[in-house]
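Chemist:
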Amino acid sequence: MPRSLPDTGAPKRRLRFPPGMPQIAALMLVLLVDGLVADHFFQIVLQDGRLFGSPIDILNRAAPVALLAIGMTLVIATGGIDLSVGAVMAIAGATAATLTVGGHSLAVVILASLGVGVLAGLWNGILVAVLKIQPFVATLILMVAGRGVAQLITSGQIVTFNSPSLAWLGSGSLFFFPTPVIIAIVTLLAFWLFTRKTALGMFIEAVGINIRAAKNAGVSTRLIVMLTYMLSGLCAAIAGIIVAADIRGADANNAGLWLELDAILAVVIGGASLMGGRFNLALSVVGALIIQGMNTGILLSGFPPELNQVVKAVVVLCVLIVQSPRFIGLIKGVRRHDKT
Numbered sequence: 013m014p015r016s017l018p019d020t021g022a023p024k025r026r027l028r029f030p031p032g033m034p035q036i037a038a039l040m041l042v043l044l045v046d047g048l049v050a051d052h053f054f055q056i057v058l059q060d061g062r063l064f065g066s067p068i069d070i071l072n073r074a075a076p077v078a079l080l081a082i083g084m085t086l087v088i089a090t091g092g093i094d095l096s097v098g099a100v101m102a103i104a105g106a107t108a109a110t111l112t113v114g115g116h117s118l119a120v121v122i123l124a125s126l127g128v129g130v131l132a133g134l135w136n137g138i139l140v141a142v143l144k145i146q147p148f149v150a151t152l153i154l155m156v157a158g159r160g161v162a163q164l165i166t167s168g169q170i171v172t173f174n175s176p177s178l179a180w181l182g183s184g185s186l187f188f189f190p191t192p193v194i195i196a197i198v199t200l201l202a203f204w205l206f207t208r209k210t211a212l213g214m215f216i217e218a219v220g221i222n223i224r225a226a227k228n229a230g231v232s233t234r235l236i237v238m239l240t241y242m243l244s245g246l247c248a249a250i251a252g253i254i255v256a257a258d259i260r261g262a263d264a265n266n267a268g269l270w271l272e273l274d275a276i277l278a279v280v281i282g283g284a285s286l287m288g289g290r291f292n293l294a295l296s297v298v299g300a301l302i303i304q305g306m307n308t309g310i311l312l313s314g315f316p317p318e319l320n321q322v323v324k325a326v327v328v329l330c331v332l333i334v335q336s337p338r339f340i341g342l343i344k345g346v347r348r349h350d351k352t
């Protein structure tokens, strides 16, 4: 008599979330908690041709970190890191304020400030791609020296200016939304087109996954790495201009201080691996919104602002644990055990 095979039942279906669903769910959860701790949190009003409300404030305050995260995403995708973006913000802001006080036109101020950011990124790119210095060390140099450069530009003073056209970039409005939000959205769209509608995004991911294989395939790995740092410097310069325009001045000591850590955290929350490889610019921006949502929730709930750093540290620890090879191997082992 032939033995009958055991009935294993219907094959198990693995539950898969759409790309970005965990990040979107986390953002919704953060906003829900904010709504519970603050009355009328979701109330948005239109006044003087501009939207006001806590959600709009989160978008506005998250714009500089979102800009940093866009550039940081490309650098991390190559397997690098850029610790200097906060200092580059200070340099760009100092340049913008000093030139404005000197009576230069808005076009000259913006182009010079953006150019300074690109040059700072080029410096980092040369150290990493040409001189083969570890990205952490290479960008740490400019992180430390950059604020000194910004102080030299401002002669160690807080430079203030009165330029309505420049101030509009930081505190104005366009299409009912704060100008920084529009700038961040336009930058995101431009970088998405630049990386996803050309071969650049594929080259960046190839360098991050296996730089030697990418080089053997004909990819100019040095150029790609240098370009990502230059783009990161450009994003930092845009953020620096926005911050300087918002306060109508440049504070070399405090502008962009520790925002490089927020940018890295935003990228990691967005799902990018610190080892390099695939990236998603939009999810990095969502990560920036999550961070700002947590900051706003802590302030609205009455806790001291210093708690922000503790919460961010816990989030970083959790995300890194989830991304660790041992944790991933453990999850795969559990799945294989469930199948058997």
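Here our numbering is used: position 305 in the sequence shown is 317, and no number is missing along the way. Every residue gets a Cβ at the ideal spot worked out from N, C-alpha and C, and that includes glycine.
#1: Buried or exposed: where does ILE56 fall if 16 or more other Cβ atoms within 10 Å of its Cβ makes it buried?
#2: Check each candidate in PRO316, ILE310 and ILE333 and name the one with the smallest Cα separation from LEU286.
#3: Does the contact criterion of 3 or more C-beta pairs under 8 Å hold for the stretch 121 to 128 versus the stretch 259 to 279?
#4: Inspect the beta-carbon positions of GLY182 and ALA256 and report whether they are closer than 9 Å.
#5: By the three-class DSSP mapping on this structure, what secondary structure does PRO30 have?
#6: Can you tell me the Cβ-Cβ gap for LEU44 and THR112, rounded? I've got them flagged as a contact below 8 Å.
#7: By how many angstroms is the C-alpha of LYS144 removed from the C-alpha of ASP41?
#8: Using 8 Å as the threshold, is the stretch 231 to 250 in touch with the stretch 80 to 89, meaning 3 or more CB pairs across them?
#9: Ignore the nearest five residues each way along the sequence and tell me which others in ALA229's own chain have a CB closer than 8 Å to its CB.
#10: Which word fits LEU164, buried or exposed, when buried means at least 16 other C-beta atoms lie within 10 angstroms of its C-beta?
#11: If distances are taken between C-alpha atoms only, which option among GLY283, ALA141, PRO317 and SER66 comes closest to SER336?
#12: Keeping to the same chain, check which residues put their C-beta closer than 8 Å to that of PHE148; ignore five residues upstream and five downstream.
#13: I need the boundaries of the beta strand (DSSP E) containing ARG62, first residue and last residue.
#14: Nearest-angstrom Cα distance between MET13 and LEU295?
#15: Report buried or exposed for THR110, applying the criterion of at least 16 other Cβ atoms within 10 angstroms of its Cβ.
Modeler: With the structure as the only source:
#1: By the Cβ neighbour-count rule, ILE56 is exposed, with fewer than 16 other Cβ atoms within 10 Å of its own.
#2: The candidate whose alpha carbon is nearest that of LEU286 is ILE333.
#3: The stretch 121 to 128 makes no contact with the stretch 259 to 279: fewer than 3 CB pairs, one atom from each, lie closer than 8 Å.
#4: Against a cut-off of 9 Å, the Cβ pair of ALA256 and GLY182 comes out as a contact.
#5: Three-state result, PRO30: coil.
#6: Contact check for LEU44 and THR112: beta-carbon distance about 42 Å, past the 8 Å limit, so the pair fails to qualify.
#7: Sequence inspection shows Leu at residue 41; the Asp mentioned does not correspond to that position. Each residue's Cα considered, the two are about 42 Å apart.
#8: The stretch 231 to 250 vs the stretch 80 to 89: in contact.
#9: Take ALA229, set aside five residues on each side of it, and the residues of its chain with a beta-carbon closer than 8 Å to its own are ALA218, in chain order.
#10: With fewer than 16 other Cβ atoms within 10 Å, it is exposed.
#11: Among GLY283, ALA141, PRO317 and SER66, the Cα nearest to that of SER336 belongs to GLY283.
#12: Shown here for PHE148: same chain residues with a beta carbon closer than 8 Å to its own, the five before and five after excluded, namely ILE93 and LEU95 in chain order.
#13: Per DSSP, ARG62 belongs to the beta strand (DSSP E) from 62 to 64.
#14: Residue confidence is low: MET13 scores 46 on pLDDT, short of 50, so the model does not pin down where it sits. Its coordinate-derived value is still stated next. One Cα belongs to MET13, the other to LEU295, and the distance between them is close to 59 Å.
#15: Result: buried.
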